[in-house]
Amino acid sequence: MEKQFKHIQAAHCENGVATSLMRYHGLEFMSEPLVFGIGAGLFYIHVPVLVINNGPAVAYRTMPGWIFSQASKSLGIKVSRTKFNSEQKAIEFLDQKVKEGVPVGCQVGVFNLPYFPPEYRFHFNAHNIIVYGKENGNYLISDPVMETVTTLSEADMLKVRFAKGPLAPKGQVYFPENVQRISKEVLNKAIAKGIKKSTVMMLRLPGNIVGTDGIKYTSKKIRSWRDKLGPRKAGLFLAQIVRMQEEIGTGGGGFRFLYAAFLEEASNYLGQEKLLNISDDFTKSGDLWRESAVQMGRIYKGRTNNEQKDFEICADLLLEISNIEKQAFVKLSKMKLGK
Amino acid sequence: MKKEELPQDKSALEVMTRELLYVKNSNGKYTTGLSTGWDIKKEALDSAWDDIKERVELARMAVRNREMSPVYYFMELRLMDLTVLSGYTGFWKFTIKRHFKPYVFQRLSNEKLTTYAKIFDISINELKDFKE
């Protein structure tokens with residue numbers, strides 16, 4: 020093997036896999052915020068009616084798989100993705116890649132992931148890890164959310180690759196192909212394009228449940244939960260929001276700090292001072308998301324009397340966040356960042 | 007969030023790793039920091055587990071009172087829902103719902119019981135002879 024794989028810790032698994040693999044293929048400048056921004060990862064959606072794990076269905080980021088594929092597309096990198104119906108074929112394919120010395124991304128479920136603490140093992144199937152070798156029958160694993168590398172036995176690997184349920188991984192293996200040197204022009208263009216995509220998704224998608232309008236929608240819902248669901252269940256709903264927002268993988272504040280970090284980098288690359296100010300807007304937004312989590316925590320942990328006014332405080336914070344993000348994206352949409 | 011404000015509370019994640027967050031350094035620039043955990047987050051996870059435990063307990067009572075079959079209890083115990091269980095077993099959701107009925111469960115073939123037992127990671131006897 021001529022190239023050595025280097026483990027990188029990231030906030031979010033998909034960003035981390037993308038960053039590590041791109042760096043391995045010679046794009047040394049790549050960073051997690053850059054992948055996240057170019058891949059237009061920032062989002063917000065509150066799907067009405069749908070209930071997940073007995074809580075509201077909210078997401079702070081785009082669909083699994085989207086970030087890597089969008090970022091690669093903008094940078095002119097081809098990503099090979101293979102899913103399998105046969106377990107045997109899935110094993111052979113992965114082992115072949117290992118033999119070739121190519122590190123690859125694998126989509127896995129976390130329910131049977133032995134190195135995860137039991138408290139974190141739900142039937143969540145969109146986790147991403149890198150397999151970068153095999154020793155004594157164990158796969159060498161770089162899990163981007165971890166500080167160090169780890170291993171998985173063949174049996175465990177098969178189990179997590181063929182987890183079932185929503186977003187079932189079907190043994191998916193993916194890796195970038197023929198990565199070329201990327202010129203400054205291509206990179207700058209990709210950054211501008213990523214920002215533009217996020218502006219469209221946060222401001223211009225129809226309906227009131229996505230983007231900055233979606234945050235407002237959640238705010239409105241929170242005001243009604245206590246009457247509609249009763250104090251206890253309403254509290255559980257808030258706990259679910261906090262988990263989606265802060266649980267391992269978001270970099271804090273529901274990806275908002277990560278986006279602020281991206282805009283800071285973008286301002287350097289594009290030489291646009293103004294992006295720094297907008298970066299500050301997202302830092303402010305992230306801080307308010309954290310503050311709203313604290314207020315929600317007071318409710319589900321029973322540190323308040325769980326009255327309507329406690330819910331109103333949370334709802335007001337989300338309204339403020341919606342406004343800040345709306346203004347920030349309007350500012351971004353008015354900037355001339357090149358095509 | 008500033009780097010020095012990054013919470014370092016106890017959490018279940020400690021046994022596995024510290025997690026990475028994006029924070030501001032003293033010059034106001036973004037950098038990364040590692041956190042052992044945050045109480046607010048831990049409590050959100052705890053309340054989700056309290057809810058799960060309560061559901062499992064209700065399922066246990068339902069099986070004991072012969073309102074539901076053990077399939078229902080073990081589905082809850084393994085944090086599954088109909089979609090996940092249907093994915094693992096290959097049975098239709100409405101078929102599984104039928105298997106929740108004690109009198110249907112009584113007549114299930116050994117083959118079907120084996121499928122369930124394997125997925126729930128228990129023996130056939132543990133499934134048939136409910137002692138939870």
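Here the protein sequences line up with chains A and B, keeping their order.
Its first residue numbered 20, the first sequence is counted upward by one per residue in the numbering used here.
Its first residue numbered 7, the second sequence is counted upward by one per residue in the numbering used here.
Beta carbons are placed, not taken as given, at the ideal position from N, Cα and C, and that holds for glycine.
Is DSSP giving serine 129 of chain B helix, strand or coil here?
coil
Check the Cβ of tryptophan 98 of chain B against every Cβ in chain A and list those closer than 8 Å, keeping chain order.
Per Cβ cutoff of 8 Å: no residues; tryptophan 98 of chain B is ~14 Å from chain A at best.
Alpha carbon to alpha carbon, how far is valine 62 of chain B from phenylalanine 126 of chain B?
Here the C-alpha atom of valine 62 of chain B lies approximately 14 Å from the C-alpha atom of phenylalanine 126 of chain B.
First through last residue of the beta strand (DSSP E) which encompasses glutamine 126 of chain A
123-127
Are serine 39 of chain A and proline 163 of chain A close, meaning C-beta to C-beta below 8 Å?
Taking 8 Å as the Cβ cut-off, serine 39 of chain A and proline 163 of chain A qualify as a contacting pair.
So that I know if they touch, is there some Cβ in chain B lying closer than 8 Å to that of isoleucine 267 of chain A?
Closer than 8 Å: yes.
Rounded to whole angstroms, what is the Cα-Cα separation between alanine 133 of chain A and alanine 123 of chain B?
Residue 133 of chain A is actually proline in this sequence, not alanine. Roughly 20 Å separates the two Cα atoms.
Terminal residues of the continuous beta strand (DSSP E) containing lysine 97 of chain A?
97-101
Less than 8 Å between C-beta atoms, sequence neighbours within five positions excluded: which residues of the same chain meet that for threonine 120 of chain B?
Ile130
So what does DSSP say about leucine 356 of chain A, is it helix, strand or coil?
coil
Using the beta-carbon of each residue, which ones in chain B are nearer than 9 Å to aspartate 232 of chain A?
The premise fails here: aspartate 232 of chain A is roughly 25 Å from chain B at the closest Cβ pair, so nothing lies under 9 Å.
Does the region 175-192 of chain A come into contact with the region 103-112 of chain A, if we say contact requires no fewer than three beta-carbon pairs (one atom in each stretch) closer than 8 Å?
yes
The region 212-226 of chain A contacting the region 27-37 of chain A, beta-carbon criterion three pairs below 8 Å
no
If you drop the 5 nearest sequence neighbours on each side, which residues of the same chain put their C-beta closer than 7 Å to that of glutamine 314 of chain A?
Ile332, Cys333 and Leu336
Contact criterion: CB-CB distance below 8 Å. Does methionine 7 of chain B meet it with respect to chain A?
yes
Please check if any C-beta of chain A sits within less than 8 Å of the C-beta of tyrosine 28 of chain B.
yes
Any idea which residues DSSP pairs alanine 76 of chain A with across the strands?
Per DSSP, A/Val66.
Examine chain B for any beta-carbon lying closer than 8 Å to the beta-carbon of histidine 65 of chain A, and answer yes or no.
no
Quick one: list the residues of chain B neighbouring lysine 320 of chain A, beta-carbon separation under 7 Å, in chain order.
Glu49
What is the DSSP secondary structure of serine 298 of chain A, reduced to helix, strand or coil?
helix
List the residues of chain B that proline 122 of chain A touches, going by C-beta distances under 8 Å, in chain order.
By Cβ distance, chain B contributes nothing, its closest Cβ being about 20 Å from proline 122 of chain A, past 8 Å.
Exposed unless 16 or more other CB atoms sit within 10 angstroms - verdict on threonine 89 of chain B
exposed
Among A/Asp232, A/Asp299 and A/Trp308, the one whose alpha carbon lies nearest that of glycine 271 of chain A:
A/Trp308
In terms of residues, what are the limits of the alpha helix (DSSP H) holding proline 195 of chain A?
Where proline 195 of chain A is concerned, there is no enclosing alpha helix (DSSP H), although the beta strand (DSSP E) it sits in stretches over 192-196.
Below-8 Å beta-carbon distance, tyrosine 139 of chain A vs any chain B residue
yes
What is the DSSP secondary structure of glutamate 292 of chain A, reduced to helix, strand or coil?
coil
What do you get for glycine 321 of chain A, buried or exposed, if any count of 16 or more other CB atoms within 10 angstroms of its CB means buried?
exposed
Does glutamine 126 of chain A pass the burial test, meaning 16 or more other C-beta atoms within 10 Å, or should it be called exposed?
buried
To the nearest angstrom, report how far apart glycine 58 of chain A and glutamine 28 of chain A are at their CA atoms.
18 Å
Nearest by alpha-carbon distance to tyrosine 288 of chain A: which of A/Ala78, A/Ile210, A/Leu277 and A/Ile96 is it?
A/Ile210
Are leucine 356 of chain A and isoleucine 214 of chain A close, meaning C-beta to C-beta below 8 Å?
yes
For tyrosine 94 of chain B, return the contacting residues in chain A, with the cut-off set at a CB-CB distance below 7 Å.
Lys183
Name the chain B residues that come within less than 9 Å of proline 75 of chain A, Cβ to Cβ?
Within chain B, no residue comes near proline 75 of chain A; the closest Cβ sits about 13 Å away, beyond 9 Å.
Using only the alpha-carbon positions, how far apart do leucine 257 of chain A and isoleucine 149 of chain A sit?
33 Å
Could you tell me whether the Cβ atoms of tyrosine 278 of chain A and leucine 53 of chain A are closer together than 8 Å?
no
Where methionine 20 of chain A and arginine 113 of chain B are concerned, what is the direct C-alpha to C-alpha distance, given to the nearest angstrom?
For methionine 20 of chain A, the pLDDT reaches just 45, beneath the cut-off of 50, and the residue's location in the model is therefore unreliable, although a value from the coordinates is still provided. In a straight line, the C-alpha of methionine 20 of chain A is about 58 Å away from that of arginine 113 of chain B.
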